[in-house]
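Going by my numbering, the first residue of the sequence shown is number 117, and it counts up by one from there. In this text, a Cβ means the ideal position worked out from N, Cα and C, and glycines have one as well. Read the structure below first, then the notes.
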Amino acid sequence: MSFHEELLRKTKDAEEILQSYLPKQADCPYQQTVADAMSYSAMAGGKRLRPVLMKECYLLFGGKGQLVEPFMAALEMIHNYSLVHDDLPAMDNDEYRRGKKTTWKVYGECMAILAGDGLLNLAFETAAEAFTVLEKESFGTPEEELLRYKAVGRAMQILGQKSGVYGMLGGQTADIEAEEKEELTEELLLFIHEHKTAALMESAMMIGAVLAGASEADLKKLERAASDLGIAFQIQDDILDCISTTEVLGKPVGSDEKNHKLTYVTLHGLEESKAQVRELSEEAIQILNSFPQKNEFLIQLVEQLVNREK
Ligand code: GRG
Numbered sequence: 117m118s119f120h121e122e123l124l125r126k127t128k129d130a131e132e133i134l135q136s137y138l139p140k141q142a143d144c145p146y147q148q149t150v151a152d153a154m155s156y157s158a159m160a161g162g163k164r165l166r167p168v169l170m171k172e173c174y175l176l177f178g179g180k181g182q183l184v185e186p187f188m189a190a191l192e193m194i195h196n197y198s199l200v201h202d203d204l205p206a207m208d209n210d211e212y213r214r215g216k217k218t219t220w221k222v223y224g225e226c227m228a229i230l231a232g233d234g235l236l237n238l239a240f241e242t243a244a245e246a247f248t249v250l251e252k253e254s255f256g257t258p259e260e261e262l263l264r265y266k267a268v269g270r271a272m273q274i275l276g277q278k279s280g281v282y283g284m285l286g287g288q289t290a291d292i293e294a295e296e297k298e299e300l301t302e303e304l305l306l307f308i309h310e311h312k313t314a315a316l317m318e319s320a321m322m323i324g325a326v327l328a329g330a331s332e333a334d335l336k337k338l339e340r341a342a343s344d345l346g347i348a349f350q351i352q353d354d355i356l357d358c359i360s361t362t363e364v365l366g367k368p369v370g371s372d373e374k375n376h377k378l379t380y381v382t383l384h385g386l387e388e389s390k391a392q393v394r395e396l397s398e399e400a401i402q403i404l405n406s407f408p409q410k411n412e413f414l415i416q417l418v419e420q421l422v423n424r425e426k
């Protein structure tokens, strides 16, 4: 099977797992509209990159069975909540995402706010389902079982930390306030990329590893690789905003320039930005290759992400 066929299969698997945890019609007698808005945004396409990355890190550290699945769905819910809220008139005021109307354009602002809140809450309810998996699957001796319970607790901590005030939400705050600033320093730009974008990649890769039983030392290394990957991914996003087309990206291009937004590209130019993407992705791959365990698909995925065209 080629890399692209394998990626397609893994993306589809991640999507099916996500769908299985979305609200059920029978459970939503008077809240069907918000449940529909949640499903609309979660199932509107998307690369499903974070759950796929999580599963590959789970496999890298020898993870087996379904323990990782509730967390794959949970992280994708958090990612989708952030996009729903980011598109709102009070934030980026965007009408299109992934080639479709944004959630607030279809369901109105109130429902879009509630749909984002709903996805964020459902994410933690879903992650807690990992405890149900633990009750059903056998993970060896009582001591090994206890370690798995602890790992699920640690994974929930990472999930909250990397998406909240110390992670993505913190990055979004700094990004919004940076729009009012005359000058954007390199330090602030890095803080924004590291928190707004890289934190969820770190969450994905660290949770996959921790659930498979990786040590704290390995988690630290993986956090660095994911940070490199996340920053490279964001710089590539800024590059694509300059050089791609609306048809390819499924959203307006040139928005950074239109909104007078300072990015790595406006700060350093296209060529240096491309070189930085290469350098960061090489470091991420070097870290991944330093583990005794190997996952060739994961390495190819990292290469593909930073060279992506949409
Ligand atoms: C509202 C708390 C809060 C945060 C919003 C995610 C975000 C923060 C803003 C969206 C805009 C943006 C450029 C974020 C940087 C991360 C990024 C490139 C997100 C898009 O991720 P993809 O390309 O999206 O994986 P798909 O559509 O493939 O799921």
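Within a Cβ cutoff of 6 Å, which residues of the same chain sit near residue 372, ignoring the five residues on either side of it in sequence? Walking along the sequence shown from the start, residue 372 turns up at place 256. The answer, listed in chain order, is 357 and 379.
**Message:** Any heavy atom of the ligand GRG closer than 7 Å to the beta-carbon of residue 384?
**Reply:** To locate residue 384, count along the sequence shown from 1; it is residue 268. No.
How is residue 212 classed by DSSP in three states: helix, strand or coil?
Translated into positions along the sequence shown, residue 212 becomes position 96. Three-state result, residue 212: strand.
| Is there at least one non-hydrogen atom of the ligand GRG closer than 7 Å to the beta-carbon of residue 288? | Taking the first residue of the sequence shown as position 1, residue 288 is located at position 172. Yes, the Cβ of residue 288 comes within 7 Å of a heavy atom of the ligand GRG.
Keeping to the same chain, check which residues put their C-beta closer than 8 Å to that of residue 240; ignore five residues upstream and five downstream.
The residue you call residue 240 lines up with position 124 of the sequence shown. 190, 272, 275 and 276, listed in sequence order.
Exercise for the section: Provide the residue(s) that pair with residue 377 in DSSP beta bridges, ordered along the chain. Expected result: The residue labelled residue 377 in the question sits at position 261 within the sequence shown. In DSSP, residue 377 forms no bridge with anything.
Considering residue 352, what are the terminal residues of the alpha helix (DSSP H) in which it resides?
For this step, residue 352 is matched to residue 236 along the sequence shown. Its alpha helix (DSSP H) spans residues 332–359.
Please tell me whether, using a cut-off of 7 Å, the distance from the CB of residue 117 to the nearest non-hydrogen atom of the ligand GRG is below it.
For the purposes of this step, residue 117 is taken as residue 1 along the sequence shown, with counting starting at 1. No, since every heavy atom of the ligand GRG falls outside the 7 Å radius drawn around the Cβ of residue 117.
*Step through the CB atoms of chain B and report whether any lies within less than 8 Å of the CB of residue 421.*
No chain B appears in this structure, which consists of one protein chain only.
Under a Cβ-count criterion, where at least 16 other Cβ atoms within 10 Å of its own Cβ denotes burial, should residue 134 be classed as buried or exposed? Numbered from 1 along the sequence shown, position 18 holds the residue referred to as residue 134. Its Cβ being crowded by 16 or more others within 10 Å, residue 134 is buried.
- prompt: Exposed or buried, what is residue 265 when buried is set at 16 or more other beta-carbons lying within 10 Å of its beta-carbon?
  reply: As a working note, residue 265 is residue 149 in the sequence shown. Answer is exposed; the Cβ neighbour count stays below 16.
**Item:** Sufficient close CB pairs (3 or more, under 8 Å) joining the stretch 415–422 to the stretch 159–175
**Value:** yes
#### Entry: Cβ neighbours of residue 377 in the same chain (closer than 8 Å, five flanking residues each side left out)
By one-based count along the sequence shown, residue 377 stands at place 261. Result list for residue 377: 295 and 371, in chain order.
- Message: Here's the rule I'm using: 16 or more other beta-carbon atoms within 10 Å means buried, otherwise exposed. How should residue 125 be labelled?
- Response: Here the question's residue 125 lines up with position 9 in the sequence shown. Residue 125 is exposed by the Cβ-count criterion.
Query raised in the report: When the Cα of residue 290 is compared with those of 180, 312, 145 and 346, which residue comes out closest?
Result: Along the sequence shown, read from residue 1 onward, the residue named residue 290 stands at position 174. For residue 290, the nearest C-alpha among the options comes from 312.
According to DSSP, simplified to helix, strand and coil, what is residue 252? If you number the sequence shown from 1, residue 252 lands on position 136. Here residue 252 sits in helix by DSSP.
* Asked: Taking DSSP as the reference, what is the three-state secondary structure of residue 163?
  -> For the purposes of this step, residue 163 is identified with residue 47 of the sequence shown, where counting begins at 1. It is coil, neither helix nor strand.
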